[in-house]
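A.B. asks: Residue numbers (numbering that gives the first Met the number 0): 0 to 174. Have a look at the structure that comes next, please.
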Amino acid sequence: MKVPPNGTFFLNEKSDNQLKITRLEVSTIDKIRKLIEPVVEADGAFIIDIEIHGGKEGKSLQVYIDTDSGISTQMCASISRDLSKLIDEENIFTSRYYLVVSSPGLDRPLKYFRQYRKNIGRTLKLKVKTDNKIENIQGVLSNVFDEEITIKNSDSEEQNVKFSSIVEAIVETPW
């Protein structure tokens with residue numbers, strides 16, 4: 000994500016079925032991440048993403064978490080309780096807020112290298128940057144190495160893809 004020089008970025012939010020643009024200081028997301036990351040990690044998870052939506056009536060803070068072996072609803076609930084207390088104590092929001100702690104879900108792109116290992120054997124749709132163009136690759140993730148992954152296409156041909164060249168990777172659902 001490119002951040003404008005004034006240190007702000009924009010989030011889309013829907014209110015009354017209209018699309019509104021809200022300006023949010025990058026430092027707010029950074030502050031929240033620094034505050035909650037130790038709590039999330041102490042429970043054996045890591046943060047995938049943090050999103051804030053909402054307007055004057057209240058905010059929705061969505062924290063997407065995962066572990067190297069998958070996340071349970073019980074773990075999300077436990078971490079949610081811990082984070083709620085912490086956020087309340089720090090007065091992050093001046094108005095009412097709603098906290099949602101969840102897994103990233105299968106439809107969300109893989110963001111960190113450590114997410115790939117648990118998806119070995121699953122079909123991935125990749126967008127890969129090669130020679131100033133974007134190439135689409137689909138296949139079964141067959142191996143994960145330090146700096147690359149191996150994808151097996153429908154003809155059982157293997158292709159190594161450097162992690163640094165992956166623009167987007169989404170796990171295909173079997174249904």
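Backbone N, C-alpha and C define an ideal beta-carbon position, used for all residues, glycine too.
According to DSSP, is Asp154 helix, strand or coil?
C.D. replies: In the structure shown, Asp154 sits in coil (DSSP, three-state: anything other than H, G, I, E or B).
A.B. asks: Count the other CB atoms within 10 Å of the CB of Ala44; is the residue buried (16 or more) or exposed (fewer)?
C.D. replies: It is buried - the Cβ of Ala44 has at least 16 other Cβ atoms within 10 Å.
A.B. asks: Counting along the chain, where does the beta strand (DSSP E) carrying Gln137 start and finish?
C.D. replies: Where Gln137 is concerned, the enclosing beta strand (DSSP E) stretches over Lys132 to Val143.
A.B. asks: According to the Cβ coordinates, are Thr122 and Gly138 closer than 8 Å?
C.D. replies: Against a cut-off of 8 Å, the Cβ pair of Gly138 and Thr122 comes out as a contact.
A.B. asks: Return the chain-ordered list of same chain residues with a C-beta closer than 8 Å to the C-beta of Asp42, the five sequence neighbours on each side being excluded.
C.D. replies: Correct list, in chain order: Met74, Ser77, Ile78 and Asp81.
A.B. asks: Pull up the distance between the alpha-carbon of Ile49 and that of Thr172, whole angstroms please.
C.D. replies: Approximately 24 Å between the Cα atoms of the pair.
A.B. asks: Could you name the residues of the same chain whose beta carbon sits closer than 8 Å to that of Asp67, not counting the 5 residues immediately before and after it, in chain order?
C.D. replies: Within the same chain, Asp67 has close Cβ partners Arg113, Arg116 and Lys117.
A.B. asks: When the Cβ atoms of the stretch 57-72 are set against those of the stretch 91-100, are three or more pairs found closer than 8 Å?
C.D. replies: Yes: at least three Cβ pairs fall under 8 Å.
A.B. asks: Spatial neighbours of Leu34 within its chain, please: CB distance less than 7 Å, with the 5 preceding and 5 following residues excluded, ordered by chain position.
C.D. replies: Within the same chain, Leu34 has close Cβ partners Leu85 and Glu89.
A.B. asks: Just to confirm the assignment, what range does the beta strand (DSSP E) spanning Lys126 have?
C.D. replies: Element bounds for Lys126: Thr122 to Thr129.
A.B. asks: Output the distance between the C-alpha atoms of Ile165 and Thr27, rounded to the nearest integer angstrom.
C.D. replies: One C-alpha to the other measures close to 28 Å.
A.B. asks: Taking the C-alpha atoms as reference points, what is the distance between Tyr111 and Gly57?
C.D. replies: Spanning the two alpha carbons is a distance of roughly 30 Å.
A.B. asks: Starting from the Cα of Phe162, find the closest Cα among Ile31, Ile169, Glu146 and Ser153 and give me that residue.
C.D. replies: It is Glu146.
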